[in-house]
Structures are given as structure tokens and as C-alpha cells.
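Read through the structure below, which is laid out as C-alpha cells, and then see the notes.
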Amino acid sequence: SYIPFLCLLILTISCLTLTIISSLFFSLSIILYLNFIYYCLLTILFLSIIITTIVVYSYGSLFIHRYRNMMTLEQQNSEISKDVEHLRIDKLLLKSTNNNDLILYMSKLPGRRIRHDIRNIEDDLNQIQVHTIITLNEPKELSFMNMTHKNIYNMDIYSMHIKRANIQHIIYPIRDRFIPKSISDYIQFIYSIIINANRFNHNHILVHCMGGMGRTGMTVVCLELVHEYIMKTTDEQEEKETLIERFCHYPFLLENYCRVCQAILNVRKARRGTIHNPLQIMFVHEFYARLTSSTYMRQIKKNFELHERLLANDHHELH
1 SYIPFLCLLI
11 LTISCLTLTI
21 ISSLFFSLSI
31 ILYLNFIYYC
41 LLTILFLSII
51 ITTIVVYSYG
61 SLFIHRYRNM
71 MTLEQQNSEI
81 SKDVEHLRID
91 KLLLKSTNNN
101 DLILYMSKLP
111 GRRIRHDIRN
121 IEDDLNQIQV
131 HTIITLNEPK
141 ELSFMNMTHK
151 NIYNMDIYSM
161 HIKRANIQHI
171 IYPIRDRFIP
181 KSISDYIQFI
191 YSIIINANRF
201 NHNHILVHCM
211 GGMGRTGMTV
221 VCLELVHEYI
231 MKTTDEQEEK
241 ETLIERFCHY
251 PFLLENYCRV
261 CQAILNVRKA
271 RRGTIHNPLQ
281 IMFVHEFYAR
291 LTSSTYMRQI
301 KKNFELHERL
311 LANDHHELH
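Residues in the sequence shown are numbered from 1 upward in steps of one, following UniProt numbering.
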């Protein structure tokens, strides 16, 4: 969503306007002089955030997967090597009050075929022992991995391989190095994953993107936070964020004072190098703020229950 960025622009323009007004009259009063300093600092802060966002966005646009990861002609025309290292899969265990622990696995894209890493999808899937695979890649990321015209690779074929291995496949595309387009839709998605994992005892879940670091780490952090929320009693779910948790802690994480920081560090300990993108860390903080809002979560639960009823009605009509 571009709404937060537009709000940031409006805030910057407002602060800049107030800075100019204060500069014209600060000689009249010490209060106006202090206002001038205050609005100057705010303007600099907001401008820094805008510049950082533009730079990150431009980087993602310029260095897309098509040119960064496309294989050479020699690689396209050769067979996949048999001497490929085992897929690195890292595990995060989330304890449950009902003794049905949730086990989250993290990896790069199984069967990834890019310039420096050409893998076999069947071999990787044989190594994975899970109930569900969550794919965070955009379809174009997989279409860029075509080896030859007679060996087409896309999201549909990738999903077919997973389903053949008797694994549930869930796709939630997020742009590389970025965040979900809709935070409410993403919370609904994460909430449904945890609920269905508990309901159907599908408690072994693999989450992956292209490299298994940014989008994967962000999603696993959110899964941990929602899992903890669901395990709480109704009264515990009504608890609000503490004051210090309302702020985004980057690059220094306050593990002892902030639940989001603690979750990020848990994921980093499980898989080194995950979730260091400041944009994704800010998103997780906003995600947790929504999660601790009782009004907001009541609406999420209401939407989820409505969706479940619609699915049940459709299933009943088909039979």
C-alpha cells in the first residue's frame, strides 16, 4: 500500500511549512525558537525516511532477478549436477499449551536454479518432511529460472511438484526485499495458517522465499507472534503493548523489553542472517501493534469465521 508513504510525504511537507513559519517569527519568542528547532529535526527525520525508502525501492527495481540470477547459456544446456549440497533447512520450535508444538522450517527455494545454485526439485522435496510449504516468491521469480524451452519452470509446475509429494502448498507472493501490500490481508493469512495448523494437526510448516532470509524471516517472526497470541487466554489477549514496544528498535534490538525484538532474535538464532531489512522490521512492529489491538483482532476473527462459513456452504453445495 502507498498510503503510509503518502502520509509520510504530507507530514514532511507540514513540518517543512511549520519550520519556515517558525523561522520568520522565532525572534519574537523563545517558544517559537524552540518550535523552529523541533520542526527542523522532524523535517530532517521524515526526509531521511523518504530518501531511504526511495533508495531501497529503486534498488529493488534496478536489480531484479532476471539479470541477477539468470543462468549462463552453458548452465542452461547442461544437466543438473548430482553433487549438489543438501538443502539447508533451519528449524524453530514453538511450544503449545496443548502439547501440539508447532515446528517452523526455513529454507531457500527448493529446486532453486540460478546462476550460482542449480538444484533438483525432486531431491529437495524428498529431503523435506513437512505437512505444508508456504511460498513467498512472486511468480516471475520462478519464470526467470527456465533452463530450456523444453524444460519450462513456473509457479504452476513448482506447485505441481509439491502436491505430488503429498504436501499442502500455500502461495502468498511478496516482492523481494519488501513487505506485503496489505497488512490486514497478511494478518488474516498468518492467523488462518496457525488456526488450520492446530485444527488439522499440520504442525510441520516450511516457509521459504528465494534465499530464505528476508521475507522468510519476517513471516516466521509473524507466525511466532500470532501463535503466541492464539495460545493465550482471552484476558491475556486483551493486554496492550508497553510504551517501549510501540517504537521500532533498529538496528539495536531490546530483547528484554520488546516482544517483537525477542521474536526477531529467536528467528535469527534459528537461521543466521534472517530479517535485517529495516523496512521488514518496521513492518513486524506495526504487525504486532495490530495484533495487540483487541478491536482490530475481533474484526480479523470475524472475517476469518465468515470466510470459513462461506467455504463450508460451498462444500455443502458441491456435495
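Don't be surprised by glycine CBs; every beta carbon is placed ideally from N, CA and C.
These figures come from a predicted structure and were not determined experimentally.
Worksheet item: Between the stretch 111-121 and the stretch 290-305, do at least 3 Cβ pairs fall closer than 8 angstroms?
Response: no
Worksheet item: Which residue's Cα is closest to the Cα of Q127: Y105, H86 and H116?
Response: H86
Item to complete: State the DSSP-derived secondary structure class of H149, mapped to helix, strand or coil.
Response: Below a pLDDT of 50, predicted positions are generally treated as unreliable, and H149, at 48, falls in that range; no measurement from the model is reported.
Worksheet entry | Residue environment, L224, which counts as buried when at least 16 other CB atoms sit within 10 Å | Residue 224 is actually Glu in this sequence, not Leu. By the neighbour-count rule (16 or more Cβ atoms within 10 Å), E224 is buried.
Practice prompt. Within the stretch 178-254, note down every full beta strand (DSSP E) run reaching 3 residues or more, in order along the chain.
Written response: 204-208
Discussion item. Could you tell me the alpha carbon to alpha carbon distance between H65 and G212, rounded to whole angstroms?
Written reply: With a pLDDT of 48 at H65, under the threshold of 50, the modelled position of that residue is not reliable, and the figure given next carries that caveat. Cα to Cα, H65 sits roughly 15 angstroms from G212.
Worksheet item: Taking Cβ positions, are I183 and F287 nearer each other than 8 angstroms?
Response: yes
Fill in: Simplified DSSP assignment, three categories, for D101
coil
Worksheet item: Can at least three beta-carbon pairs, one atom from the stretch 200-216 and one from the stretch 174-189, be found at a separation below 8 angstroms?
Response: Segment contact: the stretch 200-216 against the stretch 174-189, three or more CB-CB distances shorter than 8 angstroms; contact assigned.
Worksheet item: Nearest chain D C-beta to L92 closer than 8 angstroms, yes or no?
Response: Looking for chain D here will not work: only one protein chain is present.
Worksheet item: Going by beta carbon distance, what residues of the same chain come within less than 7 angstroms of Y33, once the five residues before and after it are set aside?
Response: F26
Worksheet item: For K91, which of helix, strand or coil comes out of DSSP?
Response: The answer is strand: DSSP assigns K91 an E or B state.
Fill in: Cβ separation of L92 and H227, assumed to be a contact under 8 angstroms, to the nearest whole Å
Separation of the CB atoms of L92 and H227 is rounded to 10 angstroms, and the pair is thereby denied contact status at 8 angstroms.
Worksheet item: With DSSP run on the structure shown, which of helix, strand or coil describes R290?
Response: In the structure shown, R290 sits in a helix (DSSP, three-state: H, G or I).
Fill in: E133 versus I49, R113, M160 and I114, residue with shortest Cα-Cα distance
The sequence as given places Ile at residue 133; Glu does not occur at that position. Here the closest residue by C-alpha is M160.
Worksheet item: Can you tell me the Cα-Cα spacing of H307 and E239, whole angstroms?
Response: 27 angstroms
Discussion item. Could you tell me the alpha carbon to alpha carbon distance between I49 and E317, rounded to whole angstroms?
Written reply: 51 angstroms
Discussion item. Using DSSP's beta-bridge definition, name the partner residues of S107.
Written reply: H208
Practice prompt. Could you tell me whether the Cβ atoms of T12 and L47 are closer together than 8 angstroms?
Written response: yes
Worksheet item: Can the beta-carbon of L136 be found closer than 8 angstroms to that of Y153?
Response: no
Worksheet item: Where DSSP assigns a beta bridge to R113, which residues make up the other side?
Response: I118
Item to complete: Hey, could you find the ends of the alpha helix (DSSP H) I133 is sitting in?
Response: No alpha helix (DSSP H) holds I133; the beta strand (DSSP E) holding it covers T132 to T135.
Item to complete: Quick one: residues in its chain with C-beta nearer than 6 angstroms to the C-beta of L16, no 5 flanking neighbours on either side, listed in chain order?
Response: T43
Worksheet item: Using CA coordinates, which residue listed in I21, E236, G273 and L253 is at the minimum distance from residue 351?
Response: Only positions 1 to 319 of the chain appear in the structure, and residue 351 is not among them; the question remains open.
Discussion item. List, from N- to C-terminal side, the alpha helix (DSSP H) runs of 4 residues or more that fit wholly inside the stretch 3-44.
Written reply: 3-25
Discussion item. Can you tell me where the alpha helix (DSSP H) holding I162 begins and where it ends?
Written reply: It spans M155 to R164 - the alpha helix (DSSP H) in which I162 sits, taken as one unbroken run.
Discussion item. My output table needs one value for Q262: the three-state DSSP class, helix, strand or coil.
Written reply: helix
Item to complete: Could you spell out the range, first to last residue, of the alpha helix (DSSP H) harbouring P139?
Response: P139 to S143
Worksheet item: Any idea which residues DSSP pairs H169 with across the strands?
Response: Under DSSP, the beta-bridge partners assigned to H169 are I133.
Practice prompt. Put residue 360 into one of helix, strand or coil per three-state DSSP.
Written response: The structure shown does not extend to residue 360, since the chain is modelled only from 1 to 319, so the question has no answer here.
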